[in-house]
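Presented below is the structure to which this report refers.
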Amino acid sequence: MNQFKYILMLIAGAIFLSSCEEVIDLKLDTASEKYVVEAQLTNQIGGAKVLISKTKSYSSSNDFVGISGAVVEIENQQGVVTRLNESSNKGVYTHLTLNGMPGQTYRLKIVVSGQTFTSSCVMPAIVPLEDVYPYELNLFDGPRLFTQVKYKDPAGVKNFYRFIEYKNGVYTKSIIAANDEFTDGRTVNQTIFPFEFTEESKLKKGDKIKLEFLTIDEPVYKYWFSVDNGAQGGSDSAAPANPVSNIKGGAIGYFSAHTLQTKEYTVQ
Amino acid sequence: MTSNFLKLFLIFFSLSFSSAFAQQIFKISGQIKSADGPLEAASIQIVEAKQTIATDSLGNYEITLKAGNYTFIVSAIGMTTQKKQLKVGRNQVLNFSMDDSANNLDEVVISTAKDNRSLASPQMGAERLTMKSVKNIPLIFGERDILKAIQLLPGIKSAGEGGAGIYVRGGSADQNLVLMDDVPVYNAAHLLGFFSTFNPDAVEDITVYKTGMPSQYGGRLSSVLDIKMREGDEQKFSASGGIGLISSKLTLEGPISKGKSSFLISGRRTYVDALLKLSPDSTINRNILYFYDVNGRADFQLGENDKLTVTGYLGADKLGLAETFGLTWGNAIASAQWKHIYSTKLTSATIASFTRYQNKIEVNTGIDNVRIFSQLRDWALKQNFFWQASDKHLLKFGFNSIYHRVTPGEVTSQGQSSFNDLNYQERFSLENSVFASSDWQATDKLNIALGVRLTGFSVLGGGDYLTVDKDGNIINATTYKKGEVVKTYLNLEPRLALSYLLNTNSSLKASYVRNVQNMHMISNSTSSRPSDKWLPSSLMVKPEISDQVALGYYRNLLDNAFELNVESYYKTMDNQIDYRDGAETFNSDNIETQILYGKGRAYGLELLFKKKKGDFTGWLSYTLSKTERQIDGINSGNWYNARQDRTHELALVGSYQLSEKWSLSASWIYYTGDAITFPSGKYNIDGQVFFYYTDRNAYRMPSYHRLDLGANLQLKKRKNYSSELSFSLYNAYGRKNAYSITFREAENDPTKTEVVRTTLFQFLPSISYNFKF
Chain Z
3 MNQFKYILML
13 IAGAIFLSSC
23 EEVIDLKLDT
33 ASEKYVVEAQ
43 LTNQIGGAKV
53 LISKTKSYSS
63 SNDFVGISGA
73 VVEIENQQGV
83 VTRLNESSNK
93 GVYTHLTLNG
103 MPGQTYRLKI
113 VVSGQTFTSS
123 CVMPAIVPLE
133 DVYPYELNLF
143 DGPRLFTQVK
153 YKDPAGVKNF
163 YRFIEYKNGV
173 YTKSIIAAND
183 EFTDGRTVNQ
193 TIFPFEFTEE
203 SKLKKGDKIK
213 LEFLTIDEPV
223 YKYWFSVDNG
233 AQGGSDSAAP
243 ANPVSNIKGG
253 AIGYFSAHTL
263 QTKEYTVQ
Chain P
14 MTSNFLKLFL
24 IFFSLSFSSA
34 FAQQIFKISG
44 QIKSADGPLE
54 AASIQIVEAK
64 QTIATDSLGN
74 YEITLKAGNY
84 TFIVSAIGMT
94 TQKKQLKVGR
104 NQVLNFSMDD
114 SANNLDEVVI
124 STAKDNRSLA
134 SPQMGAERLT
144 MKSVKNIPLI
154 FGERDILKAI
164 QLLPGIKSAG
174 EGGAGIYVRG
184 GSADQNLVLM
194 DDVPVYNAAH
204 LLGFFSTFNP
214 DAVEDITVYK
224 TGMPSQYGGR
234 LSSVLDIKMR
244 EGDEQKFSAS
254 GGIGLISSKL
264 TLEGPISKGK
274 SSFLISGRRT
284 YVDALLKLSP
294 DSTINRNILY
304 FYDVNGRADF
314 QLGENDKLTV
324 TGYLGADKLG
334 LAETFGLTWG
344 NAIASAQWKH
354 IYSTKLTSAT
364 IASFTRYQNK
374 IEVNTGIDNV
384 RIFSQLRDWA
394 LKQNFFWQAS
404 DKHLLKFGFN
414 SIYHRVTPGE
424 VTSQGQSSFN
434 DLNYQERFSL
444 ENSVFASSDW
454 QATDKLNIAL
464 GVRLTGFSVL
474 GGGDYLTVDK
484 DGNIINATTY
494 KKGEVVKTYL
504 NLEPRLALSY
514 LLNTNSSLKA
524 SYVRNVQNMH
534 MISNSTSSRP
544 SDKWLPSSLM
554 VKPEISDQVA
564 LGYYRNLLDN
574 AFELNVESYY
584 KTMDNQIDYR
594 DGAETFNSDN
604 IETQILYGKG
614 RAYGLELLFK
624 KKKGDFTGWL
634 SYTLSKTERQ
644 IDGINSGNWY
654 NARQDRTHEL
664 ALVGSYQLSE
674 KWSLSASWIY
684 YTGDAITFPS
694 GKYNIDGQVF
704 FYYTDRNAYR
714 MPSYHRLDLG
724 ANLQLKKRKN
734 YSSELSFSLY
744 NAYGRKNAYS
754 ITFREAENDP
764 TKTEVVRTTL
774 FQFLPSISYN
784 FKF
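Chains as they are written, first to last, in this note's numbering: chain Z, 3 to 270; chain P, 14 to 786.
In structure tokens, the structure reads:
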């Protein structure tokens, strides 16, 4: 249902014909630092990756500044603990072979500078990705191509999905997550909306599109769903808040154990 | 022997007393009317008798007086007060025709203008604005929108740039009881709030109660906006209308049977979509965007003692994005009102009504074809009695029953859609209230209004009702049969108001009022959205309760050329509702798992200074206030500023009658920016920058100020035809007020972040042509 909300925002834009945007100076406070954890485990070999960083002041650089020296462990349902090693990128912890199995629960434990953060996540079953294709729709900025993702939702169980789109190898930053509240058991065609409706974000002839299709569990869905509430800075929410994290111990971020399928196409 | 003597004495005494009574007492009665109909609750002060009485629902009054010379001072909110000397020596009818206090050259003032606020009445926190007085305020978007006009009064805040949403004394937008001829309107906004649902040509006046609501009003926490629609002319046919840049209107009225019955029908439609078509952006002009509304009213005088009024309203907004997306919403209202005079002492008003709010979303992508429909319907019966028990004692009592039926969402799809059909559970409830109030003149100087309202709200089956723990987990779901009572909430709402006349020019007033609200709206967006949902009280959602105490000082200055009102208040609000972080709001079957409960408090000082006489009239209004919320699960459970907490708010309104043809007006407003949540840091996730939020509403939007200018030019003024042109300029000095402030990666340097301010309207001119024949 997320797209309906998106469309409402577009309508508001259409009415405000006389609106103007301007970059302004604004003095913002800097809150005390918090650890930020972005942890993923996929069903593919070497699919474990944990990034650890900290919150920083608004005026600092947007670059990722990793935190070294953390002990990062993932435990499977059988109690086998695997430690991830810091890669050549500072603050990025990986493992050469570790992967997850659908239906299994995984635990994450991070110890850094005396603080401990934990989380657990279920890797859901795979839902076959049927097709990824372009489709033209008329929304408020005229006809435009959107990537469509086709899959058949399994009936009678709760399913949650995330869609990640890359255009010519670059992530489009559009965060789209879906549940099956309205689509249980249906063949679903999910429209991938762009991060912003700009000329630049239009799909053009020759663009190579890659789409990653993830099955995720409910808390992870909640995290991506609630990103809409201001995390990307452009929401009209009356009360912006941080996404709802599934990490315990005072860090922000998420731990997602998900299945991953990929399909590509070239815009004709 | 002694006792017989005493008896005899008593009989003799009472005989002589009653015969004196019969010889020297006369009945004075009459009706008080404005240009547009009888005035209810107008106050009549008989100076020498030291009595003040009020008119009933048909504008009638009656009083008995000894022979002698008396001064009658008649006043009503928003009307020029009249004073009349009368030598009482027989039973007599004395009628008054009242004028709006708005400065109006082409109407003759019949009697000496005196104070226009009843200093003696215990009613406080109330303001009445007529459409005529709104004429002396610059137009906004080419419309004389009455819900925008009242935002210039102290204690009443606009919900945002151009918005028709209103915050009264720290309440939220859904806590105002918006009544159209006594029937609640659930969504009073068109086009996301830029217009209200009230067609200015069909509106007679509005009375706003910020506190001290009379006990016949109930159901919302913070205010009553009682909007009365215009009655058709029962003497002659006429047509009036207006052509503006954004909308056009046409009103027809006249007698059905001359002098006995009348009709009025008024329609309005916008053509914003035509403006879209003019857009240089060729991609915008395929979209649909308009609203319309139609008001109808018929009045029938059925003999001397009965009057029947039938009203109807239908309005809708339609937004469409090419053929792909459609959004339609609107209200429909119908009512029948019967007023009956049982005797000169007892009158009654009975209202049966229906109100409906609907919202429909349609999506047709060619692959998916889905429709989401929701609605809310109320069937209501309201009975009011007015009983002039004695010269010093007016009693009002009655009951109100409303059956609410909420259809939160029906999803239907066609063909090979991705969507299943789905119906969320309908919710049924019955809201019954009884009320009584007494206006009593205790002494020459002290007036007391005592009221009470008892509300029983019954949550009815069928369907499942949830019990949810404080973390939002479902503990229990119980299924109820259709019509079965799930829970009844019984609440008593006492209301007390006092006024004390310090001297002929000033008075003090105090009041306490409790209000209860059982229909709740929760919204997590800044703009009024048609999809905002109304939610009746349930097992988990408890009635909202507010208690307000207020104190005021009222003074007329310089022979009543000026008026000064100062009011202060303290208000607490219980069972306030907000969404949890990351709430999913669409699924109404388990909406209770997405909600948090808490409390609120608001206090403030309001000042209104009016200049009421001369070619130049106007007012200055100032509000100093604080509004906070405390909800476990938000802001670590600490008190935080509510979004609408604005420390200072100032409005300066002036109008000047330049000549017989030209009148000029201006308004300037200033307020402290809303409390808002901005990030206090950032971090990297997902290969992009995310913003980090800490305290709720700890920042402020930039302060807001704006000057609007208006001018009216009377073109023709003949007996059968008149026309005028209205010009206005919204935001005349082009202040770039922030509608929103957002954060993003800098366009020219992605390693940096920038702040973007969006401004909606700068220098927005409008012109409209109005006619009447």
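Even glycine gets a Cβ: it sits at the ideal position worked out from N, Cα and C.
For the putative contact between V666/P and L165/P, defined by C-beta atoms under 8 Å, what is the C-beta separation to the nearest angstrom?
Here residue 666/P is taken as the residue at index 653 of the second sequence, counted from 1. Here residue 165/P is taken as the residue at index 152 of the second sequence, counted from 1. Confirmed, Cβ separation roughly 5 Å.
Close Cβ partners of G333/P (< 8 Å) along its chain, the five nearest in sequence each way excluded
Against the second sequence, residue 333/P aligns to sequence position 320. These residues qualify, in order along the chain: N300, I301, L302, G339 and L340.
Return no unless some Cβ of chain Z is closer than 7 Å to the Cβ of D824/P.
With chain P running from 14 to 786 in the structure shown, residue 824/P is simply not present.
The beta strand (DSSP E) spanning M586/P covers which residue range?
Reading the second sequence from its first residue, position 573 is the one you call residue 586/P. That run of the beta strand (DSSP E) goes F575 to Y592.
Closer than 7 Å to chain Z by CB, I698/P:
Your numbering for residue 698/P matches position 685 in the second sequence. Proximity of I698/P to chain Z, defined by a Cβ-Cβ separation below 7 Å, is satisfied.
Write down every uninterrupted run of the alpha helix (DSSP H) in the region 420-451 of chain P whose length is 4 residues or greater and which is fully enclosed by it, in chain order.
The alpha helix (DSSP H) runs of length 4 or more contained entirely in the region 420-451 of chain P do not exist; there are none.
Nearest-angstrom Cα separation, counted from I76/Z out to K494/P:
Stepping through the second sequence from its first residue, residue 494/P is reached at position 481. Stepping through the first sequence from its first residue, residue 76/Z is reached at position 74. Rounded to whole angstroms, K494/P and I76/Z show a C-alpha spacing of 50 Å.
Would you tell me roughly how many angstroms separate the C-alpha atoms of I590/P and I374/P, rounded to the nearest one?
Counted from its first residue, the second sequence places residue 590/P at position 577. Counted from its first residue, the second sequence places residue 374/P at position 361. Here the alpha carbon of I590/P sits roughly 26 Å from the alpha carbon of I374/P.
Which class does L725/P belong to by DSSP, given the choice of helix, strand or coil?
Taking the first residue of the second sequence as position 1, residue 725/P is located at position 712. A small fix is needed here, since residue 725/P is Asn in this sequence, not Leu. Strand.
May I ask you to report which of helix, strand or coil DSSP gives K785/P?
Here residue 785/P corresponds to residue number 772 of the second sequence, with the count starting at 1. Strand.
Can you list, in chain order, the residues of its chain with a C-beta nearer than 6 Å to that of L564/P? Leave out the 5 residues immediately preceding and following it.
Position 551 of the second sequence, counting from 1, holds the residue named residue 564/P. The answer, listed in chain order, is A523 and S581.
Unbroken stretches of the beta strand (DSSP E), 3 residues or longer, contained in the region 122-161 of chain Z:
If we require 3 residues or more, the beta strand (DSSP E) runs fully inside the region 122-161 of chain Z come out as 131-141 and 144-154.
The alpha helix (DSSP H) spanning M144/P covers which residue range?
Here residue 144/P refers to the residue found at position 131 when the second sequence is read from its first residue. Residues M144 to V147.
Can you list, in chain order, the residues of its chain whose CB lies under 6 Å from that of Y525/P, leaving out five sequence neighbours each side?
If you number the second sequence from 1, residue 525/P lands on position 512. Annotation for Y525/P: L509 and V562 place their beta carbon closer than 6 Å to its own, counting only its chain and skipping 5 residues before and after.
Going by the C-beta, is L773/P closer than 6 Å to any heavy atom of the ligand FAD?
Absent from the structure shown: the ligand FAD. Ligands present: none.
Would you call the CB atoms of V424/P and A449/P closer than 7 Å?
The residue given as residue 424/P occupies position 411 in the second sequence. The residue given as residue 449/P occupies position 436 in the second sequence. Not closer than 7 Å, so no.
I'd like the list of long-range same chain contacts for F266/Z, defined as Cβ closer than 7 Å, with 5 residues on each side in sequence excluded.
The residue given as residue 266/Z occupies position 264 in the first sequence. Sequence inspection shows Glu at residue 266/Z; the Phe mentioned does not correspond to that position. Listed in chain order, the non-local C-beta contacts of E266/Z below 7 Å within the same chain comprise K210, I211 and K212, local neighbours out to five positions each way being set aside.
Between the region 110-130 of chain Z and the region 236-250 of chain Z, do at least 3 Cβ pairs fall closer than 8 Å?
The region 110-130 of chain Z vs the region 236-250 of chain Z: in contact.
Give the interface partners of V181/P over in chain C, defined as CB-CB distance under 9 Å, in chain order.
Any reference to chain C falls outside this structure, whose protein chains are Z and P.
Beta-bridge pairing of N413/P - partner residues as DSSP gives them:
Counting from one through the second sequence, the residue named residue 413/P turns up at place 400. The partner list for N413/P (beta bridge, DSSP) reads K395/P and S446/P.
So the candidates are H97/Z, K224/Z, K92/Z and T107/Z; which of them puts its Cα closest to the Cα of T81/Z?
One-based indexing of the first sequence puts residue 81/Z at position 79. For clarity, residue 81/Z is Gly in the given sequence; the question names Thr instead. Cα-wise, what sits closest to G81/Z is T107/Z.
Please compile the residues from chain Z whose C-beta is within a distance smaller than 7 Å of the C-beta of L435/P.
The residue you call residue 435/P lines up with position 422 of the second sequence. Neighbours of L435/P on chain Z, chain order: F184.
Apart from the five residues on each side of it in sequence, which residues of its chain come closer than 6 Å, Cβ to Cβ, to Y635/P?
For the purposes of this step, residue 635/P is taken as residue 622 along the second sequence, with counting starting at 1. Contacts found: L620 and L663.
For P507/P, report the span of its alpha helix (DSSP H) as first-last.
As a position in the second sequence, residue 507/P is number 494, starting the count at 1. Element bounds for P507/P: not the alpha helix (DSSP H) but the beta strand (DSSP E), V498 to N516.
Alpha carbon of K175/Z to alpha carbon of S228/Z, nearest angstrom:
As a position in the first sequence, residue 175/Z is number 173, starting the count at 1. As a position in the first sequence, residue 228/Z is number 226, starting the count at 1. If you take the alpha carbons of K175/Z and S228/Z, they lie about 15 Å apart.
Residue ranges of each alpha helix (DSSP H) within the region 682-751 of chain P, 4 or longer
Qualifying alpha helix (DSSP H) stretches: none in this window.
Report the rounded CA-to-CA distance for S34/Z versus R85/Z, giving the unit in angstroms.
Against the first sequence, residue 34/Z aligns to sequence position 32. Against the first sequence, residue 85/Z aligns to sequence position 83. About 29 Å.
May I ask you to report which of helix, strand or coil DSSP gives E605/P?
Translated into the one-based positions of the second sequence, residue 605/P becomes position 592. Assigned with DSSP and collapsed to three states, E605/P falls in helix.
Would you call I76/P buried or exposed, if buried means 16 or more other Cβ atoms sit within 10 Å of its Cβ?
In the second sequence, the residue the question calls residue 76/P occupies position 63. Under this definition I76/P is a buried residue.
Segment contact, 8 Å Cβ cut-off, at least three pairs: the region 348-357 of chain P with the region 377-390 of chain P:
The answer is no - the region 377-390 of chain P does not touch the region 348-357 of chain P, with fewer than three Cβ pairs under 8 Å.
Give the straight-line distance between the Cα atoms of G231/P and V529/P, rounded to the nearest whole angstrom.
Against the second sequence, residue 231/P aligns to sequence position 218. Against the second sequence, residue 529/P aligns to sequence position 516. Cα to Cα, G231/P sits roughly 7 Å from V529/P.
Leaving out the 5 sequence neighbours to the left and right, which residues in its chain are closer than 7 Å to R103/P when beta-carbon positions are compared?
To locate residue 103/P, count along the second sequence from 1; it is residue 90. Within the same chain, F39 come within 7 Å of R103/P by CB-CB distance, once the 5 residues on both sides are set aside.
At the 7 Å Cβ level, is S270/P part of the contact set with chain Z, yes or no?
Position 257 of the second sequence, counting from 1, holds the residue named residue 270/P. Under the Cβ criterion of 7 Å, S270/P is not counted among the residues facing chain Z.
Considering only DSSP beta bridges, list what E557/P is partnered with.
The count along the second sequence starts at 1 and reaches residue 557/P at position 544. Partner residues in the beta bridge of E557/P, as assigned by DSSP, are Q530/P.
Contact list for M232/Z against chain P, beta-carbon separation under 7 Å
Counted from its first residue, the first sequence places residue 232/Z at position 230. For the sequence presented, residue 232/Z should be read as Gly rather than Met. F704 and Y706, listed in chain order.
Pick out whichever of F162/Z, E220/Z and R146/Z has its Cα sitting closest to the Cα of T185/Z.
One-based indexing of the first sequence puts residue 185/Z at position 183. With distances taken between Cα atoms, T185/Z lies closest to F162/Z.
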